Amino acid sequence: MSLAVCPGSFDPVTLGHLDVIRRARSMFDEVVVVVAHNAAKHPLLSVEERVALVEGAVKDIPDVRVVAWDGLLADYLKQSGAHAVVKGLRGGADVDAELGMALLNRHLSGVETVFVPGDGALAHVASSLVKDVARHGGAIDDLVPPGVAAAVSAALDGGTR
Ligand code: PNS
Numbered sequence: 485m486s487l488a489v490c491p492g493s494f495d496p497v498t499l500g501h502l503d504v505i506r507r508a509r510s511m512f513d514e515v516v517v518v519v520a521h522n523a524a525k526h527p528l529l530s531v532e533e534r535v536a537l538v539e540g541a542v543k544d545i546p547d548v549r550v551v552a553w554d555g556l557l558a559d560y561l562k563q564s565g566a567h568a569v570v571k572g573l574r575g576g577a578d579v580d581a582e583l584g585m586a587l588l589n590r591h592l593s594g595v596e597t598v599f600v601p602g603d604g605a606l607a608h609v610a611s612s613l614v615k616d617v618a619r620h621g622g623a624i625d626d627l628v629p630p631g632v633a634a635a636v637s638a639a640l641d642g643g644t645r
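Under my numbering, the first residue of the sequence shown carries the number 485, and numbering increases by one thereafter.
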């Protein structure tokens with residue numbers, strides 16, 4: 485059984501993430517979505533909320549699991565026996581952001597990263613932009629899986645917006 489890992493912050497999961505997870509699943513027998521901490525970011529949603537939202541989004545895709553991971557991704561890759569990391573590319577900025585991580589993860593774990601072009605119709609969809617739109621009162625329902633917009637709205641209402 486081939487195993488791919490789709491890592492990210494998923495703060496929150498978007499239709500772009502879901503597109504990449506589906507593409508990863510089309511290439512590998514099993515996919516684990518790793519909801520990771522990113523020390524450079526201050527997430528809006530808790531890890532538990534992010535995991536629950538990704539689980540809801542992938543519930544109809546067979547052989548896709550979701551885990552939280554607070555550590556080096558390379559350590560998860562080694563412990564899980566993953567065959568590849570799969571990451572989506574929307575454009576050149578993603579290449580710049582992802583290449584170093586791919587090289588470092590390969591250096592640390594020996595696991596390769598496979599880059600897959602995402603759906604061009606979703607090239608403008610990013611978690612950071614989705615949160616910004618919601619923070620300013622815009623509709624994000626058609627950018628995220630069902631239930632995510634309400635969770636983002638609740639989290640924003642619970643904070644200072
Ligand atoms: O969705 P993001 O925030 O762009 O995903 C980045 C993420 C979470 C995949 C990356 O920061 C990560 O792998 N974090 C775990 C800690 C780690 O392994 N850091 C070194 C990355 S080479």
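All C-beta atoms, glycine included, are put in the ideal place defined by N, C-alpha and C.
Since we're looking at a predicted model, the values are computed, not measured.
Starting from residue i, follow the alpha helix (DSSP H) in both directions and report where the run begins and ends.
i    : result
G576 : G576 to S593
K615 : S611 to R619
G565 : Where G565 is concerned, there is no enclosing alpha helix (DSSP H), given that its DSSP letter is neither H nor E.
V538 : V531 to V542
Verify the contact flag: residue i, CB atom, against every heavy atom of the ligand PNS, threshold strictly below 8 Å.
i    : result
P491 : yes
L613 : no
K525 : yes
L588 : yes
A607 : no
G584 : yes
A577 : no
G602 : no
For the beta strand (DSSP E) holding residue i, just list the boundary residues, first then last.
i    : result
K571 : A568 to L573
A520 : E514 to A520
G500 : It is not in any beta strand (DSSP E) - G500 instead sits in the alpha helix (DSSP H) that spans L499 to M511.
Given that a residue counts as buried once 16 or more other Cβ atoms are within 10 Å of its Cβ, and exposed if not, what is residue i?
i    : result
V579 : exposed
D547 : exposed
L499 : buried
G621 : exposed
Below 8 Å on the Cβ atoms is my guess for residue i versus residue j; work out the distance and round it to an integer in Å.
i    : j    : result
V517 : C490 : 5 Å
L528 : D495 : 6 Å
A566 : A488 : 7 Å
V569 : N589 : 6 Å
9 Å is my cut-off, CB to CB: does residue i come that close to chain D?
i    : result
M485 : Among the chains of the structure shown, chain D does not appear; only one protein chain is present.
Quick one: any contact between the segment 630-638 and the segment 603-610, if contact means 3 or more CB pairs under 8 Å?
The answer is no - the segment 603-610 does not touch the segment 630-638, with fewer than three Cβ pairs under 8 Å.
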